[in-house]
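Everything below concerns the one structure shown next.
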Amino acid sequence: MNPTELQSKPEVICRCSGTTTAQIQRQIDRGVTDLDAISQATGVCSGCGGCEAEVLEFLAGCVSGAG
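In the working numbering, the protein residues as written are 12 to 78.
Here it is, written out as structure tokens:
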């Protein structure tokens, strides 16, 4: 998914914090690729933890697609 798609239709990836894929993508664009740092910046994975697998998959896809 390219940045334009992310901004036009952000998908909520963490229901506890309301974090969207677009918010995570912005952190990745800033060079933040560590789950703990992204969690601190966005609140993702800081509630029930149910989104962690999906967040890690999204993160891996974005990071591997960058190179």
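Note that beta-carbon positions come from the ideal geometry of N, C-alpha and C, so glycine has one too.
In the three-state reduction of the DSSP assignment, Val-74 falls in the helix class. Annotated as distal: Val-66 and Ala-52, with beta-carbon spacing of 8 Å or more. The distance from the Cβ of Thr-30 to that of Gly-60 is about 13 Å, inconsistent with a contact at the 8 Å cut-off. The continuous stretches of beta strand (DSSP E) do not include Cys-27, and DSSP gives it neither H nor E.
Ser-50 is classed as buried because its beta carbon has at least 16 other beta carbons within 10 Å across all chains shown.
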